[in-house]
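Asker: Below you will find the structure I want to go over with you.
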Amino acid sequence: MKLFEYEAKNLLASHGIPTPKGELASSPSQARETAAKLKPPYAVKAQVLVAGRGKAGGILFAGSAEETEKAAEKILSMQIKGIPVRSVWVEEKINVKNELYFGVTTDRFSQSYVAVASASGGMDIEEVAEKHPEKIVKTIVNPLYGLRPFQARQIARKIGYSGSQLSELGRIFEKLYTLGMECDSELIEMNPIVETVDGSFMAADARIIVDDNALFRHQEYKKRLWEGNSELSQQELEAMKSGLAYVKLDGDIGVVGNGAGLVMATLDTIQYYGGKPANFLDVGGGAASETIAVALRIVLSDPDVKTLFINILGGITRCDEVAHGILEAKNKVDIAKPIVIRLVGTNEQEGKRILTEAGIHVLESMEEAAQKAVQTSKQGGK
Amino acid sequence: MGIIIDKNTRAIVQGITGTQGNFHAKLMLEYGTKIVAGTSPGKGGTQVHGIPVYDTVEEAQEKHSANASIIFVPAPFAADAAFEAMENGITTVIIITEHIPIKDAINVMARARQLGATVIGPNTPGIITPEQCKLGIMPSHIFKSGTVGMISRSGTLTYEIAAGLTRNGIGQSTCLGLGGDPITGLNFIDTLKMFEKDTSTQAVILIGEIGGNLEELAAQYIARQTYPKPVVAFIAGRSAPPGKRMGHAGAIVMGKVGTAESKIQALTEAGVKVAEKPGDIAKLLMGR
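Heads up: the sequence lines are chains A and B, in that order.
So the first sequence is residues 8 to 389, counted in our numbering.
So the second sequence is residues 14 to 301, counted in our numbering.
Okay, here's the thing in structure tokens:
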């Protein structure tokens with residue numbers, strides 16, 4: 008789950024990391040009042056969870072409180088990638104000398120956190136890593152000891168600092184690591200952390216992604232997520248609340264399956280035969296009939312879906328439960344669209360019998376079923 | 014033969030009184046796995062399918078000296094269960110539980126490296142050496158004993174491919190799920206090394222998916238070592254958009270890192286035959 012910039016900056020500030028002075032505003036007049044309390048010039052930044060707000064015009068600068076109000080008015084009336092802007096962050100603009108990068112994320116191979124730093128901040132760090140790998144400094148962190156002060160100082164040295172600046176930067180790196188551990192971040196970064204003209208350091212932008220699986224330890228974020236104020240679409244949220252994983256795609260074949268790998272392979276197989284999947288939906292292991300019904304409702308609520316493809320390989324999931332779920336959904340939701348079903352595994356015969364008696368044809372091979380689904384969608388779902 | 018587990022493995026089930034633990038303890042027993050004890054704090058002194066239940070792993074170990082554990086404990090408590098197993102001398106820990114926080118997984122793996130314990134998972138279907146031992150939740154009837162080793166990041170996709178192999182008369186030495194999370198115990202390279210030494214394994218199937226770079230590292234390893242056994246692969250997620258988590262916590266393309274194309278290219282360059290569809294795996298193995 009992504010945190011808003013204002014949430015991230017408030018967390019950084021509360022952990023003693025210097026950030027530009029600023030406040031959140033949800034109306035143009037509030038933005039003006041905020042600016043009046045700060046020193047000009049100002050930066051007015053849209054608080055949205057999608058990337059690329061700068062390019063979309065979601066960051067403006069202002070020289071006075073009045074200009075701040077106008078900038079806020081403009082940004083608050085915008086939609087960025089389809090998301091309406093609900094609030095802006097108004098802050099003092101800083102005098103930048105150098106833009107640096109520092110972040111902490113996970114490294115799969117070393118099964119650890121990794122601190123990533125670069126003297127080339129302010130741009131996409133993945134792009135820097137790809138084009139100039141020599142400009143990236145990576146330090147694997149042993150979780151049993153954390154990011155040690157000496158490691159933080161070594162990182163500061165490697166990106167070009169010495170003396171008191173090295174010490175100051177090192178302390179900021181340590182604090183960010185500590186904050187990341189406290190809020191269970193899978194990514195925490197300052198991009199950029201800037202060296203100002205007077206030689207001190209400040210986190211000009213901050214990004215935190217909290218591990219969804221750790222939300223039980225962070226009820227305040229879980230509450231915001233469940234209220235629908237997050238990067239998830241309404242369907243994605245509804246799926247999550249029912250223990251399902253749903254991702255909207257841009258095709259016309261609705262897909263429901265069990266197991267992330269199998270569903271991904273199902274989408275790939277549809278694509279292989281020239282079709283386009285409308286979504287990813289994994290009902291998970293041991294899905295009960297009610298869960299299957301919820302899954303079908305979510306997928307069928309998408310107007311782009313012309314054909315429904317259900318691919319279940321029963322392990323923990325029992326085929327008879329799935330069959331009941333399909334019939335249940337059929338009773339509750341009007342499934343006017345053609346369904347292609349592939350159902351094999353535990354209690355397969357019983358599942359097939361239930362569906363066949365209800366007039367639904369069941370296939371055994373995933374490839375055959377995918378071809379059938381593609382063919383049906385190309386006939387316009389008839 | 015096979016890797017990690019065999020007919021002599023003595024296992025405990027942590028979280029044996031929960032729905033999943035109870036259900037799969039029974040299936041593992043029926044498969045012939047030596048489940049010597051179960052644990053569930055507060056339920057000590059009871060029995061599940063004739064298996065004695067203890068409050069602590071310590072007590073279970075005093076009476077049964079197991080060498081493996083399979084964990085069904087809910088996510089908030091699963092890391093503690095893994096520590097409990099390792100601190101009490103268990104050397105193979107299989108974590109079935111999904112949704113364990115990354116931080117917890119990282120801490121578990123750090124301790125496992127210190128103790129030299131083998132961790133499989135989290136978020137894994139487990140491991141099966143067909144007709145000898147099953148420590149997992151996979152449907153057993155789709156596997157048969159043979160000479161192909163399987164390593165996978167997915168559950169049901171592994172079943173799909175294993176069922177296809179069995180249908181074509183190709184048996185398996187050991188099938189192991191690494192787990193669908195970003196941080197897992199074993200990785201592809203660790204497991205390739207084990208299959209290299211295992212005399213009963215003649216070929217290896219590697220089933221990867223989008224996210225991370227462990228498939229690319231495995232490809233480098235295969236090329237560097239001129240891996241002595243044929244490797245066939247399947248990578249799921251060719252059609253996955255960037256930035257979206259595809260069901261598994263670990264299945265996410267970040268920027269340009271973790272795409273199916275990158276993995277397929279790396280494996281192909283290492284001489285690995287990569288199947289376009291799951292059903293082609295058996296054909297590639299027979300065609301070699």
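We put the CB at the ideal spot given by N, CA and C, even for glycine.
All values derive from a computational prediction rather than experimental measurement.
Under the assumption that B/A95 contacts B/I109 (Cβ atoms under 8 Å), give the Cβ distance between them as a whole number of angstroms.
Answerer: Locating residue 95 of chain B in the second sequence gives position 82, counting from the first residue. Locating residue 109 of chain B in the second sequence gives position 96, counting from the first residue. B/A95 to B/I109, Cβ: 11 Å. No contact.
Asker: Step through the CB atoms of chain B and report whether any lies within less than 8 Å of the CB of A/A295.
Answerer: On the first sequence, position 288 is the one that residue 295 of chain A refers to. It does not; no Cβ of chain B falls within 8 Å.
Asker: Closer than 7 Å, Cβ to any Cβ of chain B: which residues of the segment 272-284 of chain A, in chain order?
Answerer: A272, L274, D275, T276, Q278, Y279 and P284
Asker: By the criterion of Cβ-Cβ separation under 8 Å, what are the contact partners of B/I312 in chain A?
Answerer: Any property of residue 312 of chain B remains undetermined from this structure, which presents chain B solely from 14 to 301.
Asker: Reducing DSSP to helix, strand and coil, say where B/C146 ends up.
Answerer: Counting from one through the second sequence, the residue named residue 146 of chain B turns up at place 133. The answer is strand: DSSP assigns B/C146 an E or B state.
Asker: Quick test of your reading: A/A79 and A/A32, contact by CB under 8 Å. State the CB separation rounded to the nearest angstrom.
Answerer: Indexing the first sequence from 1 puts residue 79 of chain A at position 72. Indexing the first sequence from 1 puts residue 32 of chain A at position 25. Right, the Cβ-Cβ distance comes to about 6 Å (below 8 Å), so this counts as a contact.
Asker: Considering only DSSP beta bridges, list what A/M209 is partnered with.
Answerer: Reading the first sequence from its first residue, position 202 is the one you call residue 209 of chain A. DSSP output for A/M209 lists A/V201 as bridge partner(s).
Asker: Whose Cβ in chain B lies nearer than 7 Å to the Cβ of A/L176?
Answerer: By one-based count along the first sequence, residue 176 of chain A stands at place 169. Going along chain B, no residue has its Cβ under 7 Å from A/L176, so there is no contact; the nearest lies around 25 Å.
Asker: For A/F287, name the three-state secondary structure that DSSP assigns.
Answerer: Working through the first sequence from its first residue, we reach residue 287 of chain A at position 280. Reduced to three states, the DSSP call for A/F287 is strand.
Asker: Does A/M130 get closer than 8 Å to chain B when you measure Cβ to Cβ?
Answerer: Position 123 of the first sequence, counted from the first residue, corresponds to residue 130 of chain A. By this cut-off, A/M130 is not an interface position.
Asker: Give the DSSP-derived three-state secondary structure of A/C326 in the structure shown.
Answerer: The residue given as residue 326 of chain A occupies position 319 in the first sequence. Three-state result, A/C326: helix.
Asker: Counting only C-beta atoms, is A/G352 closer than 8 Å to chain B at any point?
Answerer: Position 345 of the first sequence, counted from the start, is the residue given in the question as residue 352 of chain A. Output row for A/G352: interface = yes.
Asker: Looking at C-beta atoms only, is the number of pairs between the segment 104-119 of chain A and the segment 189-206 of chain A that lie closer than 8 Å three or more?
Answerer: yes
Asker: Applying a beta-carbon distance threshold of less than 8 Å, which residues of chain B neighbour A/M188?
Answerer: As a first step, residue 188 of chain A is located in the first sequence; it is residue number 181 there, counting from the start. In chain order: K116.
Asker: Per the contact definition of three or more C-beta pairs closer than 8 Å, is the segment 271-285 of chain A in contact with the segment 319-331 of chain A?
Answerer: no
Asker: On a Cα-Cα basis, can you pick out the residue from B/I103, B/N136, B/S167 and B/L199 that is closest to B/V86?
Answerer: Counting from 1 along the second sequence, the entry for residue 86 of chain B is found at position 73. The option with the nearest alpha carbon to B/V86 is B/N136.
Asker: Quick check: what's the CA-CA separation for A/I346 versus A/R115?
Answerer: As a working note, residue 346 of chain A is residue 339 in the first sequence. As a working note, residue 115 of chain A is residue 108 in the first sequence. So the alpha carbons of these two residues sit roughly 39 Å apart.
Asker: Using a Cβ-Cβ distance under 8 Å, would A/V254 count as near chain B?
Answerer: Here the question's residue 254 of chain A lines up with position 247 in the first sequence. With respect to chain B, the C-beta atom of A/V254 has a partner C-beta closer than 8 Å.
Asker: Taking the alpha carbon of A/I200 as the point to measure from, which residue in A/K44, A/A272 and A/A126 has its own alpha carbon closest?
Answerer: For the purposes of this step, residue 200 of chain A is taken as residue 193 along the first sequence, with counting starting at 1. Among A/K44, A/A272 and A/A126, the Cα nearest to that of A/I200 is on A/A126.
Asker: Which class does B/M267 belong to by DSSP, given the choice of helix, strand or coil?
Answerer: On the second sequence, residue 267 of chain B is found 254 positions in, with the first residue counted as 1. Note: B/M267 maps to strand in three-state DSSP.
Asker: If contact is defined by three or more beta carbon pairs under 8 Å, each pair taking one atom from either stretch, is the segment 228-246 of chain A in contact with the segment 273-280 of chain B?
Answerer: no
Asker: According to DSSP, is A/I132 part of a helix, a strand, or is it coil?
Answerer: In the first sequence, the residue the question calls residue 132 of chain A occupies position 125. It is helical.
Asker: For my contact list, B/K157 and B/T46 are in at a C-beta cut-off of 8 Å; report their separation, rounded to the angstrom.
Answerer: The count along the second sequence starts at 1 and reaches residue 157 of chain B at position 144. The count along the second sequence starts at 1 and reaches residue 46 of chain B at position 33. Not really, about 17 Å apart at Cβ, beyond 8 Å.
Asker: Looking at the secondary structure, which residues open and close the beta strand (DSSP E) in which B/T46 lies?
Answerer: Stepping through the second sequence from its first residue, residue 46 of chain B is reached at position 33. Careful: B/T46 lies outside any beta strand (DSSP E) and carries neither H nor E.
Asker: Go to B/M299, then tell me how far its alpha helix (DSSP H) extends in each direction, as first and last residue.
Answerer: Here residue 299 of chain B refers to the residue found at position 286 when the second sequence is read from its first residue. From DSSP, the alpha helix (DSSP H) with B/M299 extends over D293 to G300.
Asker: Roughly how many whole angstroms lie between the Cα atoms of B/F188 and B/I103?
Answerer: Position 175 of the second sequence holds residue 188 of chain B. Position 90 of the second sequence holds residue 103 of chain B. It should be pointed out that residue 188 of chain B corresponds to Cys in this sequence rather than to Phe. If you take the alpha carbons of B/C188 and B/I103, they lie about 21 Å apart.
Asker: Are A/R214 and A/N198 close, meaning C-beta to C-beta below 8 Å?
Answerer: The residue you call residue 214 of chain A lines up with position 207 of the first sequence. The residue you call residue 198 of chain A lines up with position 191 of the first sequence. Yes; because the gap between Cβ atoms is below 8 Å, this pair is in contact.
Asker: Please look up how many angstroms separate the CB atoms of B/A264 and B/G250, rounded, as I've assumed it's under 8 Å.
Answerer: Taking the second sequence and counting its residues from 1, one reaches residue 264 of chain B at position 251. Taking the second sequence and counting its residues from 1, one reaches residue 250 of chain B at position 237. About 6 Å; that satisfies the 8 Å criterion.
Asker: Note down the Cα distance separating A/Y108 from B/G57, rounded to an integer number of angstroms.
Answerer: Taking the first sequence and counting its residues from 1, one reaches residue 108 of chain A at position 101. Taking the second sequence and counting its residues from 1, one reaches residue 57 of chain B at position 44. In a straight line, the C-alpha of A/Y108 is about 52 Å away from that of B/G57.
Asker: Compute the Euclidean distance between the alpha carbons of A/N149 and A/A15, then round it to the nearest angstrom.
Answerer: Counting from one through the first sequence, the residue named residue 149 of chain A turns up at place 142. Counting from one through the first sequence, the residue named residue 15 of chain A turns up at place 8. Roughly 24 Å between the two C-alpha positions.
Asker: Step through the CB atoms of chain A and report whether any lies within less than 8 Å of the CB of B/G280.
Answerer: Position 267 of the second sequence holds residue 280 of chain B. It is Leu, not Gly, that sits at residue 280 of chain B in the sequence shown. It does not; no Cβ of chain A falls within 8 Å.
Asker: Can you list the beta strand (DSSP E) stretches of 3 or more residues lying completely in the segment 223-282 of chain A, in chain order?
Answerer: For the segment 223-282 of chain A, whole beta strand (DSSP E) runs of length 3 or above, ordered along the chain, are 252-255 and 260-264.
Asker: Using the Cα positions of A/V340 and A/I367, report the straight-line distance between them to the nearest angstrom.
Answerer: Numbered from 1 along the first sequence, position 333 holds the residue referred to as residue 340 of chain A. Numbered from 1 along the first sequence, position 360 holds the residue referred to as residue 367 of chain A. Taking the straight line joining both Cα atoms gives about 16 Å.
Asker: Can you check whether the C-beta of B/E289 is within less than 8 Å of a C-beta belonging to chain A?
Answerer: For the purposes of this step, residue 289 of chain B is taken as residue 276 along the second sequence, with counting starting at 1. It does: the Cβ of B/E289 has a partner Cβ on chain A nearer than 8 Å.
Asker: Counting only Cβ-Cβ distances shorter than 9 Å, please list the residues of the segment 185-216 of chain B near chain A, keeping chain order.
Answerer: G193, D194, P195, I196, T197, G198, N200 and I202
Asker: Quick one: residues in its chain with C-beta nearer than 7 Å to the C-beta of A/L274, no 5 flanking neighbours on either side, listed in chain order?
Answerer: For the purposes of this step, residue 274 of chain A is identified with residue 267 of the first sequence, where counting begins at 1. So the qualifying residues of the chain are V262, P284 and F287.
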